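Chemist: Residue numbers for the sequence shown follow the working numbering, beginning at 627 and rising by one.
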Amino acid sequence: MAAKLPCLLIVTLFLTISIANADSSAQVLVKKVKGKKVCDKGWECKGWSEYCCNLTISDYFDTYQFEELFAKRNYPVAHAAGFWDYKSFITASALYQPLGFGTTGNKTTQMKEIAAFLGHVGSQTSCGYGVATGGPTAWGLCYNKEMSPSHDYCDDYYKYTYPCAPGAEYYGRGALPIYWQYNYGKIGDALKVDLLNHPEYIEQNATLAFQAAIYTWLTPQKKGQPSAHEAFVGTWKPTKNDTLAKRLPGFGTTMNILYGDRVCGKGDVDDMNTIVSHYLYYLDLMGVGREEGGAHEVLTCAEQQPFNPSAPTQASSR
627 MAAKLPCLLI VTLFLTISIA NADSSAQVLV KKVKGKKVCD KGWECKGWSE YCCNLTISDY
687 FDTYQFEELF AKRNYPVAHA AGFWDYKSFI TASALYQPLG FGTTGNKTTQ MKEIAAFLGH
747 VGSQTSCGYG VATGGPTAWG LCYNKEMSPS HDYCDDYYKY TYPCAPGAEY YGRGALPIYW
807 QYNYGKIGDA LKVDLLNHPE YIEQNATLAF QAAIYTWLTP QKKGQPSAHE AFVGTWKPTK
867 NDTLAKRLPG FGTTMNILYG DRVCGKGDVD DMNTIVSHYL YYLDLMGVGR EEGGAHEVLT
927 CAEQQPFNPS APTQASSR
């Protein structure tokens, strides 16, 4: 029996190291592919990517910071108390970090992107308007669904590509709320989840809700246009028409991409300023500082022409 003890110790030691490695974000596998360094950092940034050689989100954005950003989300009066958490966000982001989400550029750029993304999330899910203590910026992730839908958001125009399922309602749900059956269908196709027939999945699973929001952040609304991610981190190069339309890389253009003329091209309106306020507030809480938000023309979309005007008259009047 004594002769077998060293082998047992070796096996035990190997298992201990393996378990430690599985829980550590510091274990980096590195190789070169076509002369470029690529890495695999395990579950949070897995799959041989240049971006996985950078910091992962949990390296610079911790649980306590998430709690500070969304301090009142679990208050009894919050409509989604107990739903959103840090683990769900990091788990969802693991699918997209190898594509550059939160892993593009230096540490400051990475932190700014997370603040920008969560700034949109916080502004779109806040219930802190009116007389609520702390104001809108303190109440992000209060909702996970639209509380009083105006209608079922079923557009008959898409009945052949994305037919509405019997009994399904396609009101706003999620971290960046999804509306209309065709958006549920497209996002469901991308995530390989049947959201067209089961839109309710978004309000039942926080990880899925964050995945859908990050997918929206990384995906151009139309061919030839940038994604919010590309516009923010600067990998998008504006055309001459973009420059004439005052569309520049930065936070302002992310609003243009996600909301269009709902908030952009109207001057310093409240709807736009509320989104900007969340971003600046989160930059401060994350230790980056709101001065990193940039000049007014970069930070806002007040003077930008929308990428996709909602009506021809709006396009022709600018």
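Ideal Cβ placement from N, Cα and C applies to all residues, glycine included. Bear in mind the structure is a predicted one, so any value in this text is a computation, not a measurement.
Using a threshold of 8 angstroms, state whether the C-beta atoms of Tyr783 and Tyr796 are closer than that.
Modeler: Indexing the sequence shown from 1 puts residue 783 at position 157. Indexing the sequence shown from 1 puts residue 796 at position 170. Result no, Cβ atoms of Tyr783 and Tyr796 do not sit closer than 8 angstroms.
Chemist: Over the uninterrupted beta strand (DSSP E) stretch that includes Asp666, give me the two end residues.
Modeler: Reading the sequence shown from its first residue, position 40 is the one you call residue 666. It spans Lys662 to Asp666 - the beta strand (DSSP E) in which Asp666 sits, taken as one unbroken run.
Chemist: So Gly919 and Leu909 are supposed to be a Cβ contact under 8 angstroms. How far apart are they, rounded?
Modeler: Taking the first residue of the sequence shown as position 1, residue 919 is located at position 293. Taking the first residue of the sequence shown as position 1, residue 909 is located at position 283. So it is a contact: roughly 6 angstroms between Cβ atoms.
Chemist: What is the DSSP secondary structure of Val656, counted as helix, strand or coil?
Modeler: Counted from its first residue, the sequence shown places residue 656 at position 30. Here Val656 sits in strand by DSSP.
Chemist: Use the C-beta contact count for Gln723: other C-beta atoms within 10 angstroms, 16 or more gives buried, fewer gives exposed.
Modeler: Working through the sequence shown from its first residue, we reach residue 723 at position 97. Buried: at least 16 other Cβ atoms inside 10 Å.
Chemist: To which residues of the same chain is Ser936 closer than 7 angstroms at the C-beta, ignoring the five residues directly before and after it?
Modeler: On the sequence shown, position 310 is the one that residue 936 refers to. So the qualifying residues of the chain are Gly886 and Asp887.
Chemist: Between which two residues does the alpha helix (DSSP H) carrying Thr869 extend?
Modeler: For the purposes of this step, residue 869 is taken as residue 243 along the sequence shown, with counting starting at 1. Lys866 to Leu870 is the span of the alpha helix (DSSP H), which, as asked, contains Thr869.
Chemist: Have a look at Gly860 and Cys753 and give me their C-alpha separation to the nearest angstrom.
Modeler: Along the sequence shown, read from residue 1 onward, the residue named residue 860 stands at position 234. Along the sequence shown, read from residue 1 onward, the residue named residue 753 stands at position 127. Each residue's alpha carbon lies about 32 angstroms from the other.
Chemist: Does the beta carbon of Leu909 come closer than 8 angstroms to any beta carbon on chain B?
Modeler: Of the protein chains in this structure there is only one, and it is not chain B.
Chemist: Just how far apart, CA to CA, sit Pro789 and Thr833?
Modeler: Within the sequence shown, residue 789 is the residue found at index 163, counting from 1. Within the sequence shown, residue 833 is the residue found at index 207, counting from 1. About 26 angstroms.
Chemist: Can you tell me whether Lys672 is helix, strand or coil according to DSSP?
Modeler: The count along the sequence shown starts at 1 and reaches residue 672 at position 46. Three-state result, Lys672: coil.
Chemist: In chain order, what are the residue ranges of uninterrupted alpha helix (DSSP H) at least 4 long that sit wholly in the segment 839 to 905?
Modeler: Entirely contained in the segment 839 to 905, the alpha helix (DSSP H) runs reaching 4 residues are, in chain order, 854 to 859, 866 to 870 and 877 to 885.
Chemist: So, does the segment 919 to 931 touch the segment 872 to 880, judging by three or more C-beta pairs under 8 angstroms?
Modeler: Flag = yes, the segment 919 to 931 and the segment 872 to 880 touch.
Chemist: What residues match up with Lys771 in a beta bridge as DSSP calls it?
Modeler: For the purposes of this step, residue 771 is taken as residue 145 along the sequence shown, with counting starting at 1. In the DSSP output, where bridge partners are listed per residue, Lys771 has Arg799.
Chemist: Where are the alpha helix (DSSP H) runs, 4 residues long or more, that stay fully inside the segment 906 to 935, in chain order?
Modeler: Whole alpha helix (DSSP H) segments, 4+ residues: 922 to 925.
Chemist: Tell me whether Thr759 is buried or exposed, calling it buried when 16 or more other Cβ atoms sit within 10 Å of its Cβ.
Modeler: Reading the sequence shown from its first residue, position 133 is the one you call residue 759. That one is exposed.
Chemist: When you compare only the Cα positions, how much space is there between Ile901 and Asn823?
Modeler: Locating residue 901 in the sequence shown gives position 275, counting from the first residue. Locating residue 823 in the sequence shown gives position 197, counting from the first residue. Those two C-alpha atoms are separated by around 31 angstroms.
Chemist: Considering only the alpha carbon of each residue, which of Trp710, Gly668, Gly800 and Pro864 lies closest to Asp842?
Modeler: Numbered from its first residue, the sequence shown carries residue 842 at position 216. The identity of residue 842 in the sequence shown is Thr, whereas the question assumes Asp. That would be Gly800, whose Cα lies nearest to the Cα of Thr842.
Chemist: In chain order, what residues of the same chain lie with their CB nearer than 6 angstroms to the CB of Ser749, ignoring the 5 residues before and after it?
Modeler: Taking the first residue of the sequence shown as position 1, residue 749 is located at position 123. Closer than 6 angstroms at the Cβ level, and outside the excluded window around Ser749, lie Thr900, Ile901 and His904.
Chemist: Taking the alpha helix (DSSP H) that Phe696 belongs to, which residues open and close that run?
Modeler: Position 70 of the sequence shown, counting from 1, holds the residue named residue 696. That residue, Phe696, is in no alpha helix (DSSP H); it is neither H nor E in DSSP.
Chemist: Could you check how far apart the C-beta atoms of Gly726 and Tyr786 are, in whole angstroms? I think they sit under 8 angstroms.
Modeler: The residue you call residue 726 lines up with position 100 of the sequence shown. The residue you call residue 786 lines up with position 160 of the sequence shown. Not confirmed; about 35 angstroms, so no contact.
Chemist: Run the CB neighbour count on Met898, radius 10 Å, all protein chains shown included, and call it buried at 16 or more, exposed below.
Modeler: For this step, residue 898 is matched to residue 272 along the sequence shown. Met898 is buried by the Cβ-count criterion.
Chemist: To the nearest angstrom, report how far apart Lys657 and Cys671 are at their CA atoms.
Modeler: Numbered from its first residue, the sequence shown carries residue 657 at position 31. Numbered from its first residue, the sequence shown carries residue 671 at position 45. Roughly 15 angstroms between the two C-alpha positions.
Chemist: Compare the beta carbon distance of Met737 and Tyr686 with 8 angstroms and say whether it is the shorter of the two.
Modeler: In the sequence shown, the residue the question calls residue 737 occupies position 111. In the sequence shown, the residue the question calls residue 686 occupies position 60. Yes; because the gap between Cβ atoms is below 8 angstroms, this pair is in contact.
Chemist: Buried or exposed for Arg675, going by 16 or more other Cβ atoms inside 10 Å?
Modeler: Here the question's residue 675 lines up with position 49 in the sequence shown. Rather than Arg, the amino acid found at residue 675 in this sequence is Ser. Ser675 should be labelled buried.
Chemist: Quick one: residues in its chain with C-beta nearer than 8 angstroms to the C-beta of Ser719, no 5 flanking neighbours on either side, listed in chain order?
Modeler: Looking up residue 719 in the sequence shown gives position 93. Cβ within range, chain order: Glu670, Ile683, Phe727, Gly728, Phe836 and Ile840.
Chemist: With a CB to CB cut of under 6 angstroms and the five nearest residues on each side skipped, what residues in its chain are close to Asn951?
Modeler: Look at the range of the chain in this structure, 627 to 944, and you will see that residue 951 is not part of it.
Chemist: Comparing alpha-carbon positions, which option in Glu856, Ile883 and Leu655 lies nearest Gln847?
Modeler: By 1-based counting over the sequence shown, the position of residue 847 is 221. Per the Cα distances, Ile883.
Chemist: Measuring straight from C-alpha to C-alpha, what distance separates Lys662 and Cys679?
Modeler: Position 36 of the sequence shown, counted from the first residue, corresponds to residue 662. Position 53 of the sequence shown, counted from the first residue, corresponds to residue 679. Spanning the two alpha carbons is a distance of roughly 11 angstroms.
Chemist: Report all residues from its chain with a CB closer than 7 angstroms to the CB of Gly708; omit the five preceding and five following residues, and keep chain order.
Modeler: Within the sequence shown, residue 708 is the residue found at index 82, counting from 1. So the qualifying residues of the chain are Asn700.
Chemist: Using the rule of at least 16 other Cβ atoms within 10 Å of the residue's Cβ for burial, across every protein chain shown, is Gly915 buried or exposed?
Modeler: Here residue 915 is taken as the residue at index 289 of the sequence shown, counted from 1. Flag for Gly915 reads exposed.
Chemist: Judging by CA-CA distance, which residue of Gly811, Cys890, Pro762 and Val659 is the nearest neighbour of Asp781?
Modeler: To locate residue 781, count along the sequence shown from 1; it is residue 155. Closest by alpha carbon: Gly811.
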